[in-house]
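Trainee:
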Amino acid sequence: MLFRASSPVTPASSSGPYDRAPKRSGGAQVQEAEPWRHGHPQGGPVTAELGPVLRLGDARVLTGTCSWTDATLVKETRWYPRRSMTAAERLAYYAARFPMVEVDSTYYFPPTPELARSWVERTPDGFTFNVKAWSLLTGHPTFPQSLWPDMQQAVKPEFRDKRRLYDKHLEADALDEAWGRFGHALRPLEETGRLGAVLLQYPDWFTPKPSTREVIADARRRLGDYPMCVEFRNARWLADRDRERTLSQLEELGAAFVCVDEPQGFESSVPPVLAATTNFAVVRFHGHNTGTWDMPGISAAERFAYHYTTDELRAWVPRITELAASSQEVHVLMNNCYRDYAVDNATQLAQLLVDAGAENRRAG
108 MLFRASSPVT
118 PASSSGPYDR
128 APKRSGGAQV
138 QEAEPWRHGH
148 PQGGPVTAEL
158 GPVLRLGDAR
168 VLTGTCSWTD
178 ATLVKETRWY
188 PRRSMTAAER
198 LAYYAARFPM
208 VEVDSTYYFP
218 PTPELARSWV
228 ERTPDGFTFN
238 VKAWSLLTGH
248 PTFPQSLWPD
258 MQQAVKPEFR
268 DKRRLYDKHL
278 EADALDEAWG
288 RFGHALRPLE
298 ETGRLGAVLL
308 QYPDWFTPKP
318 STREVIADAR
328 RRLGDYPMCV
338 EFRNARWLAD
348 RDRERTLSQL
358 EELGAAFVCV
368 DEPQGFESSV
378 PPVLAATTNF
388 AVVRFHGHNT
398 GTWDMPGISA
408 AERFAYHYTT
418 DELRAWVPRI
428 TELAASSQEV
438 HVLMNNCYRD
448 YAVDNATQLA
458 QLLVDAGAEN
468 RRAG
């Protein structure tokens, strides 16, 4: 198990969020293609070349973002060549530029097998989906309308008028069924080799103690053989008294610890600790927007609206290299999904890794 506490990246004092990487005139480049055009424009199967997979030593490095459908990306930028593109065309276009994506929408509404099959049809072999667990399964407040219709009657009568539900508001067998349906919906991804991991992101009030450690162990049992990664939103899990126990438990469970880069100085801030606790490692970049990090009543896009500078990304190159030395695969995901910030920074970071010596399979 690799473990190292990394120094936080210091945000640039900045002339604004648009410190773009300069165009390069030489060296290997992270190249783009347009195979998404060769498909079925009305939403059927779309074949596409897989976005560039990098290699650091013996480890694969997969870069991507935590959404490909964010409204600010689709409607407010020109990253997608046409706003009239179908859902199938957008995913194929994305997959030709990045080898993986995190599905964030499944946090709000659980997926269905039909939806997962459509993702399979619209992506090339080798593409990877990390899927964020539904909020009900990680102790977050959950929209009642996100429950399957036949399960809404399983809400205990005294809680049926609640605007948000928690797992304790459901009958015990209903929660078992919810886990089962969530896992079943991901089967098309698992069967085609496209499931990277299920992301379990626990809330900031989820603190280290025997009962919460058992919650994590229970999630491992419920997910069966599915790869699993865990992100904490409370720094106490990584404090001196609990850090070793936290990482050791994840290692024993075969679950990946999610390394994060995020604003510091808040109660919900988690330090950028490097740790590889299984055969794959995960890094999620949340930006450094201190003005919106804990602001209530704003959208996720507004909360994570931060464009990394080149120097901030470059500081992560040796850290990702270190994770790659202790794992078989590293998932590097940009969650600053506001306009084109995430896709731009993911492209920049991939190029910085290539500049530092990573093999770019598409560059040959």
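Position 307 (the sequence shown) corresponds to 414 in this note's numbering; numbering is contiguous.
Using N, Cα and C, we set each Cβ at its ideal position, and we do this for glycine too.
It should be emphasised that the depicted structure is a prediction, and the values quoted were computed from it without experimental measurement.
Any idea if M335 is buried or exposed, counting beta-carbon neighbours within 10 angstroms, 16 or more meaning buried?
Mentor: Here the question's residue 335 lines up with position 228 in the sequence shown. Its Cβ being crowded by 16 or more others within 10 Å, M335 is buried.
Trainee: Since L243 and A285 are thought to touch, with beta carbons under 8 Å apart, how far apart are those beta carbons, to the nearest angstrom?
Mentor: Along the sequence shown, read from residue 1 onward, the residue named residue 243 stands at position 136. Along the sequence shown, read from residue 1 onward, the residue named residue 285 stands at position 178. Right, the Cβ-Cβ distance comes to about 6 Å (below 8 Å), so this counts as a contact.
Trainee: Starting from the Cα of L161, find the closest Cα among Y187, L254, V181, R204 and give me that residue.
Mentor: For the purposes of this step, residue 161 is identified with residue 54 of the sequence shown, where counting begins at 1. L161 has its Cα closest to that of R204, out of Y187, L254, V181, R204.
Trainee: Entirely within the stretch 174-252 and at least 3 residues each: give me those beta strand (DSSP E) ranges in chain order.
Mentor: Taking only runs of at least 3 residues, the beta strand (DSSP E) segments lying wholly in the stretch 174-252 are 207-210, 235-239.
Trainee: Span of the beta strand (DSSP E) holding Q356?
Mentor: Translated into positions along the sequence shown, residue 356 becomes position 249. No beta strand (DSSP E) contains Q356, which is instead part of the alpha helix (DSSP H) from 350-360.
Trainee: Which residues bound the alpha helix (DSSP H) around A368?
Mentor: Translated into positions along the sequence shown, residue 368 becomes position 261. In the sequence under discussion, the amino acid at residue 368 is Asp, which differs from the Ala named in the question. Unbroken run through D368 is the beta strand (DSSP E), 363-368; no alpha helix (DSSP H).
Trainee: Near E209, which residues of its chain fall below 6 Å by C-beta distance, leaving aside the five closest residues on each side in sequence?
Mentor: Translated into positions along the sequence shown, residue 209 becomes position 102. Excluding sequence neighbours, E209 sits near C173, N237, L440.
Trainee: E139 by DSSP, collapsed to three states: which one?
Mentor: The count along the sequence shown starts at 1 and reaches residue 139 at position 32. Any answer about E139 is weak, because its pLDDT of 42 lies below 50 and its placement is not dependable; what the coordinates show is given next. Of the three classes helix, strand and coil, the one that applies to E139 here is coil, per DSSP.
Trainee: Just the Cα atoms here: how many angstroms apart are I323 and E359?
Mentor: In the sequence shown, the residue the question calls residue 323 occupies position 216. In the sequence shown, the residue the question calls residue 359 occupies position 252. Whole-angstrom Cα-Cα distance: 11 Å.
Trainee: Keeping to the same chain, check which residues put their C-beta closer than 8 Å to that of K182; ignore five residues upstream and five downstream.
Mentor: Looking up residue 182 in the sequence shown gives position 75. Taken in chain order, the residues that qualify are R190.
Trainee: From F266 to T385, what distance separates their C-alpha atoms?
Mentor: Mapped onto the sequence shown, residue 266 falls at position 159. Mapped onto the sequence shown, residue 385 falls at position 278. Each residue's Cα considered, the two are about 39 Å apart.
Trainee: For a test of the three-state rule: what should DSSP assign to V305, helix, strand or coil?
Mentor: Here the question's residue 305 lines up with position 198 in the sequence shown. V305: strand per DSSP, three-state reduction.
Trainee: Shortest alpha-carbon distance to V168 belongs to which of T428, R197, K269, H393?
Mentor: Stepping through the sequence shown from its first residue, residue 168 is reached at position 61. Here the closest residue by C-alpha is T428.
Trainee: With a 10 Å radius around its C-beta and 16 neighbouring C-beta atoms as the bar for buried, classify P159 as buried or exposed.
Mentor: On the sequence shown, residue 159 is found 52 positions in, with the first residue counted as 1. Classification of P159: buried, given that the 10 Å Cβ count is 16 or more.
Trainee: State the start and end residues of the unbroken beta strand (DSSP E) segment that holds G171.
Mentor: For the purposes of this step, residue 171 is taken as the residue at position 64 of the sequence shown. That run of the beta strand (DSSP E) goes 166-172.
Trainee: Since H393 and V367 should fall inside the 8 Å C-beta cutoff, what is the C-beta to C-beta distance between them, to a whole number of angstroms?
Mentor: On the sequence shown, residue 393 is found 286 positions in, with the first residue counted as 1. On the sequence shown, residue 367 is found 260 positions in, with the first residue counted as 1. At roughly 6 Å, the Cβ-Cβ gap stays under 8 Å, so H393 and V367 are in contact.
Trainee: Out of D311, P425, E351, which has the shortest C-alpha to C-alpha gap to E374?
Mentor: Here residue 374 refers to the residue found at position 267 of the sequence shown. Here the closest residue by C-alpha is D311.
Trainee: In the DSSP assignment, find the unbroken alpha helix (DSSP H) run with R270 in it and report its ends.
Mentor: Taking the first residue of the sequence shown as 1, we reach residue 270 at position 163. From DSSP, R270 is part of no alpha helix (DSSP H); its letter is neither H nor E.
Trainee: Helix or strand or just coil, what does DSSP make of F289?
Mentor: Working through the sequence shown from its first residue, we reach residue 289 at position 182. DSSP places F289 in helix when its eight states are reduced to three.
Trainee: Could you check what DSSP says for E297 in three-state terms: helix, strand or coil?
Mentor: Within the sequence shown, numbered from 1, the residue matching residue 297 stands at position 190. Three-state DSSP puts E297 in a helix.
Trainee: Alpha carbon to alpha carbon, what distance is there between A261 and K269?
Mentor: Locating residue 269 in the sequence shown gives position 162, where the first residue counts as 1. Locating residue 261 in the sequence shown gives position 154, where the first residue counts as 1. Cα to Cα, the separation comes out at about 14 Å.
Trainee: If we count the other Cβ atoms within 10 Å of its Cβ and call it buried at 16 or more, is W255 buried or exposed?
Mentor: As a position in the sequence shown, residue 255 is number 148, starting the count at 1. Exposed, because fewer than 16 other Cβ atoms sit within 10 Å of the Cβ of W255.
Trainee: Is A326 close to chain D? Criterion is C-beta to C-beta, closer than 9 Å.
Mentor: Here there is only one protein chain, and chain D is not present.
Trainee: Tell me whether the beta-carbon of C444 lies closer than 9 Å to the beta-carbon of T179.
Mentor: If you number the sequence shown from 1, residue 444 lands on position 337. If you number the sequence shown from 1, residue 179 lands on position 72. Against a cut-off of 9 Å, the Cβ pair of T179 and C444 comes out as a contact.
Trainee: Is the stretch 295-310 in contact with the stretch 220-229, if contact means three or more CB pairs nearer than 8 Å?
Mentor: As far as the Cβ criterion goes, the stretch 295-310 touches the stretch 220-229, which means the pair count is three or higher.
Trainee: Quick one: what's got a C-beta closer than 8 Å to R343's C-beta in the same chain, skipping five residues either side?
Mentor: For this step, residue 343 is matched to residue 236 along the sequence shown. Within the same chain, R343 has close Cβ partners T314, P315, D349.
Trainee: From P218 to H291, what does the alpha carbon distance come to, in whole angstroms?
Mentor: On the sequence shown, position 111 is the one that residue 218 refers to. On the sequence shown, position 184 is the one that residue 291 refers to. Rounded to whole angstroms, P218 to H291 spans 9 Å at the Cα level.
Trainee: Among D257, Y309, P231, which residue has its Cα nearest to the Cα of K239?
Mentor: Your numbering for residue 239 matches position 132 in the sequence shown. With distances taken between Cα atoms, K239 lies closest to Y309.
Trainee: Mind checking whether K263 and L277 have CB atoms under 9 Å apart?
Mentor: As a working mapping, residue 263 is identified with position 156 in the sequence shown. As a working mapping, residue 277 is identified with position 170 in the sequence shown. In contact: K263 and L277 (Cβ atoms closer than 9 Å).
Trainee: Measuring only the C-alpha atoms, how far is V305 from Y333?
Mentor: By one-based count along the sequence shown, residue 305 stands at place 198. By one-based count along the sequence shown, residue 333 stands at place 226. Going by the C-alpha atoms only, they are around 7 Å apart.
Trainee: Need the endpoints of the beta strand (DSSP E) that V389 sits in, please.
Mentor: Taking the first residue of the sequence shown as position 1, residue 389 is located at position 282. First-last of the beta strand (DSSP E) with V389: 387-392.
Trainee: Rounded to whole angstroms, how far is the Cβ of L456 from the Cβ of T184, which I believe are closer than 8 Å?
Mentor: Residue 456 sits at position 349 when you count from the first residue of the sequence shown. Residue 184 sits at position 77 when you count from the first residue of the sequence shown. About 18 Å; that fails the 8 Å criterion.
Trainee: Do you know offhand how far R197's Cα is from P231's?
Mentor: Position 90 of the sequence shown, counted from the first residue, corresponds to residue 197. Position 124 of the sequence shown, counted from the first residue, corresponds to residue 231. For R197 and P231, the distance between alpha carbons rounds to 13 Å.
Trainee: Helix, strand or coil: how does DSSP classify H276 here?
Mentor: Your numbering for residue 276 matches position 169 in the sequence shown. The answer is helix: DSSP assigns H276 an H, G or I state.
Trainee: Within a Cβ cutoff of 7 Å, which residues of the same chain sit near A408, ignoring the five residues on either side of it in sequence?
Mentor: In the sequence shown, the residue the question calls residue 408 occupies position 301. Closer than 7 Å at Cβ, skipping near neighbours: D177, T179, C444, Y445.
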